[in-house]
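*Asks:* Residues 374 to 807 (my numbering) are what the sequence shown spells out, left to right. By construction, the Cβ of each residue, glycine as well, lies at the ideal position given by its N, Cα and C atoms.
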Amino acid sequence: MSTRWFFSSARLGAAASAQGQALATSVRFARDLDGRREELPPVQGPTLSLVGPGDVFGFERTMVLREEPPPGTADAAENVLAGVELAHADLPWLLSPGTAFPSGGPTPQPWLALIVLAEDEAAPPRDARPLPVLTAPVAALPPPAERWAWAHVEARLPDNVTDDVGARTLVEQGLRAHSADVVARLLCPRRLAPDRGWIAALVPATAAGRDAGLNVTPGGAATEDAWPIAGRDTVDLPVYHWWRFRTGKAGTFEELARRLRFRPAAEAGLGSRTIDVGRPWPAEPATGPATVPMDGALRPPGTAVPETWSDPVAQDRFRTLLTQRLDAPARRREEPVTPGEEGADQPEAGEAQPVEDRDTVAVAPPLYGSHHTGRQTVPDEPDSWMNTLNLEVRRRVAAALGTRYVQLEQEFLMARAWEQVGEIRQANRLLATG
Numbered sequence: 374m375s376t377r378w379f380f381s382s383a384r385l386g387a388a389a390s391a392q393g394q395a396l397a398t399s400v401r402f403a404r405d406l407d408g409r410r411e412e413l414p415p416v417q418g419p420t421l422s423l424v425g426p427g428d429v430f431g432f433e434r435t436m437v438l439r440e441e442p443p444p445g446t447a448d449a450a451e452n453v454l455a456g457v458e459l460a461h462a463d464l465p466w467l468l469s470p471g472t473a474f475p476s477g478g479p480t481p482q483p484w485l486a487l488i489v490l491a492e493d494e495a496a497p498p499r500d501a502r503p504l505p506v507l508t509a510p511v512a513a514l515p516p517p518a519e520r521w522a523w524a525h526v527e528a529r530l531p532d533n534v535t536d537d538v539g540a541r542t543l544v545e546q547g548l549r550a551h552s553a554d555v556v557a558r559l560l561c562p563r564r565l566a567p568d569r570g571w572i573a574a575l576v577p578a579t580a581a582g583r584d585a586g587l588n589v590t591p592g593g594a595a596t597e598d599a600w601p602i603a604g605r606d607t608v609d610l611p612v613y614h615w616w617r618f619r620t621g622k623a624g625t626f627e628e629l630a631r632r633l634r635f636r637p638a639a640e641a642g643l644g645s646r647t648i649d650v651g652r653p654w655p656a657e658p659a660t661g662p663a664t665v666p667m668d669g670a671l672r673p674p675g676t677a678v679p680e681t682w683s684d685p686v687a688q689d690r691f692r693t694l695l696t697q698r699l700d701a702p703a704r705r706r707e708e709p710v711t712p713g714e715e716g717a718d719q720p721e722a723g724e725a726q727p728v729e730d731r732d733t734v735a736v737a738p739p740l741y742g743s744h745h746t747g748r749q750t751v752p753d754e755p756d757s758w759m760n761t762l763n764l765e766v767r768r769r770v771a772a773a774l775g776t777r778y779v780q781l782e783q784e785f786l787m788a789r790a791w792e793q794v795g796e797i798r799q800a801n802r803l804l805a806t807g
């Protein structure tokens, strides 16, 4: 297993020791030569220029690991940022010409930038030497001073790495070994639009890199940005790598979420659907044309209201008839029968009083909650939970679904119950022993 770590930049060697500060663009070597015993004046060495963005004419295609969206995509989501991953994780900062100073401290500015242009804003890069050239409208380009925020390093490190120092040590080792677990990523902070073609291009972010790629003698400061150019609305940028993709029509999760409109729950009928209860028992006459709202998994917040039918008369008739049917088995068993009738217990000699028929069985709708309460009839209290459970359509439907689930999964449920029996018995023994 591994954990993803993210760093704002990564550099090795002299660049790493700069700690976010800009490096000098030239260095002078000097060494004293003393081949004899007598003193000689020091000999000054030549001034050597360091390699910078103005010396780069491209890099190997293998440096690019992944483009997002992938090249040729025809239905890319418009709510993602285009990005590119680079194999050498220090590449974006290898030739950093300057430093940015965000609130978190100084950080090197990348010398590369990823830009994204709509196909109606710019033509594809045209062939040129040493690099293809893209003419881009400056208004569509990201602010060059903020490019430090759109480049980072992602490292997949072992889960046991928890401190920043250890993580940076492993990242440095990965950089030197060009590990596939340590990559750089450049993003373009442009919001895409649906159903449009796009050109994504990796370009130099400095004027020196731009001029070198255009085969123009670099001029100006080494830290000068590639854009904007005074007095021009467009800029010619050499392209190190580019690809094309297309966004699909609107329909992403974000787009659908933005289409949501608020409606009062009561007006929208949230959490219920209307059902026909005019004929509760198909084999018998209808109680009357009536409908009732059926609760679902969601309902408006607040106190639950009693079930109300569209026809109160039909509702009263239904409740009365259902109560009679639910109570029928208990009432039937309580009815006395005359001795000698079929099914009756025979009295002792000389007795002729009626006796209770204990063996009579009646088929009726299920009386939910009877095993929990010990009651065999519907309570008279209209607000009691057993009354509403058995006489409200919405409650009976829910109870029937629960009953059906238990019937279908009884083996599984009993196995889980037996797993808990041992713990229950142990708890009872502990309670019994004090």
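Using the Cα positions of Phe380 and Asp584, report the straight-line distance between them to the nearest angstrom.
*Replies:* Distance between the alpha carbons of Phe380 and Asp584 is about 30 Å.
*Asks:* Does the Cβ of Ser375 have 16 or more other Cβ atoms within 10 Å, making it buried, or fewer, making it exposed?
*Replies:* It counts as exposed.
*Asks:* Measuring CB atoms only, is the region 785-801 touching the region 656-676, in the sense that at least three cross pairs come out at less than 8 Å?
*Replies:* Touching, no.
*Asks:* Would DSSP call His525 helix, strand or coil?
*Replies:* His525 falls in the strand class under three-state DSSP.
*Asks:* Check whether the Cβ of Ser381 sits closer than 6 Å to any heavy atom of the ligand SAH, and report yes or no.
*Replies:* Absence of the ligand SAH from the depicted structure is noted, as is the absence of any ligand whatsoever, leaving it without description.
*Asks:* Should Ala460 and Leu548 be called a contact, given that it needs their Cβ atoms to be closer than 7 Å?
*Replies:* Contact flag unset, no.
*Asks:* On the premise that Pro505 lies in contact with Phe430, defined as a C-beta separation below 8 Å, what is that separation, rounded to the nearest angstrom?
*Replies:* With a Cβ gap of about 12 Å, Phe430 and Pro505 do not count as contacting.
*Asks:* Cα separation between Glu494 and Pro470?
*Replies:* Roughly 29 Å separates the two Cα atoms.
*Asks:* How about Pro483 and Arg520: are their beta carbons less than 7 Å apart?
*Replies:* Closer than 7 Å, so yes.
*Asks:* Taking 8 Å as the limit between beta carbons, can you name the residues of its chain near Val424, skipping five residues before and five after?
*Replies:* Closer than 8 Å at the Cβ level, and outside the excluded window around Val424, lie Leu468.
*Asks:* Distance, Cα to Cα, His525 vs Val589?
*Replies:* Between His525 and Val589, the C-alpha separation is close to 30 Å.
*Asks:* Do the CB positions of Val489 and Ala455 come within less than 7 Å of each other?
*Replies:* Against a cut-off of 7 Å, the Cβ pair of Ala455 and Val489 comes out as a contact.
*Asks:* In three-state terms, what does DSSP make of Arg769?
*Replies:* Looking at Arg769 - three-state DSSP - the assignment turns out to be helix.
*Asks:* Report the rounded CA-to-CA distance for Gly393 versus Pro481, giving the unit in angstroms.
*Replies:* Reliability fails at Gly393, whose pLDDT of 44 lies under 50, so the model's placement of it is uncertain and the value that follows must be treated cautiously. One C-alpha to the other measures close to 5 Å.
*Asks:* Please work out which residues of its chain come closer than 7 Å, Cβ to Cβ, to Glu627, disregarding the five sequence neighbours upstream and downstream, and give them in chain order.
*Replies:* Around Glu627: Asn452.
*Asks:* By DSSP's criteria, Trp615 is part of a beta bridge. Which residues make up the other side?
*Replies:* Ala574, per the DSSP bridge assignment.
*Asks:* For Pro637, collect the residues of the same chain with a Cβ closer than 6 Å to its Cβ; drop the 5 residues on either side in sequence, then sort them by chain order.
*Replies:* Around Pro637: no qualifying Cβ.
*Asks:* Using CA atoms only, rank isn't needed, just tell me which of Arg777, Ala553, Pro739 is closest to Met759.
*Replies:* Comparing Cα positions, the closest option is Pro739.
*Asks:* By alpha-carbon positions, which one of Ala473, Ala553, Asp428, Val544 ends up nearest to Val437?
*Replies:* Comparing Cα-Cα distances from Val437 to each of Ala473, Ala553, Asp428, Val544, the minimum goes to Ala553.
*Asks:* When you compare only the Cα positions, how much space is there between Leu560 and Pro442?
*Replies:* If you take the alpha carbons of Leu560 and Pro442, they lie about 11 Å apart.
*Asks:* Express the C-alpha separation of Val534 and Ala788 in angstroms, rounding to a whole number.
*Replies:* Approximately 43 Å, taken between the alpha carbons.
*Asks:* In the DSSP output, what is Pro666 paired with across the bridge?
*Replies:* Note: Pro666 sits in a beta bridge opposite Thr647.
*Asks:* Counting only the same chain and skipping the five closest in sequence on each side, list residues whose C-beta sits under 6 Å from that of Gly621.
*Replies:* Result list for Gly621: Asp448, in chain order.
*Asks:* Compare the Cα-Cα distances from Thr579 to each of Gly775, Glu754, Leu485 and report the closest residue.
*Replies:* Here the closest residue by C-alpha is Leu485.
*Asks:* Where in the region 546-574 do unbroken runs of the beta strand (DSSP E), each at least 3 residues long, occur, reported from the N-terminal end onward?
*Replies:* Segments of the beta strand (DSSP E) lying fully in the region 546-574: 555-560.
*Asks:* From the DSSP output, in three-state form, read off Leu490 for me.
*Replies:* It is a strand residue.
*Asks:* Would you decide whether Ile648 is buried or exposed? Buried here means 16 or more other CB atoms lie within 10 Å of its CB.
*Replies:* When all chains shown are included, Ile648 counts as exposed.
*Asks:* Determine the extent of the beta strand (DSSP E) in which Val437 is found, giving its start and end residues.
*Replies:* It spans 437-441 - the beta strand (DSSP E) in which Val437 sits, taken as one unbroken run.
*Asks:* Quick one: measure Cβ to Cβ for Met667 and Ser683, integer angstroms, because I've assumed they're closer than 8 Å.
*Replies:* In fact, because the Cβ distance is near 13 Å, the residues do not count as touching under 8 Å.
*Asks:* Per the DSSP calculation, Pro329 is bridged to which residue(s)?
*Replies:* As shown, the chain starts at 374 and ends at 807. That puts residue 329 outside it, with no answer to give.
*Asks:* Indicate whether Arg768 and Leu774 have their beta-carbon atoms separated by less than 7 Å.
*Replies:* Not a contact, by the Cβ cut-off of 7 Å.
*Asks:* Take Ala737 as the anchor and find which of Thr746, His745, Thr750 has the nearest alpha-carbon.
*Replies:* Checking every option, the nearest Cα to that of Ala737 belongs to Thr750.
*Asks:* Taking the alpha helix (DSSP H) that Pro685 falls in, what are its first and last residues?
*Replies:* Taken as a continuous stretch (DSSP letters only), the alpha helix (DSSP H) holding Pro685 covers 685-707.
*Asks:* Residues in the same chain with beta-carbon distance under 6 Å from Arg569, minus the five sequence neighbours each way, listed in chain order, please.
*Replies:* Excluding residues within five positions, the ones whose Cβ falls inside 6 Å are Ala491, Thr620.
*Asks:* Under the assumption that Arg384 contacts Glu527 (Cβ atoms under 8 Å), give the Cβ distance between them as a whole number of angstroms.
*Replies:* Actually they are not in contact, since the Cβ atoms of Arg384 and Glu527 sit about 16 Å apart, beyond 8 Å.
*Asks:* Do you know how far the Cα of Phe635 is from the Cα of Tyr741?
*Replies:* Tyr741 and Phe635: Cα-Cα distance of roughly 39 Å.
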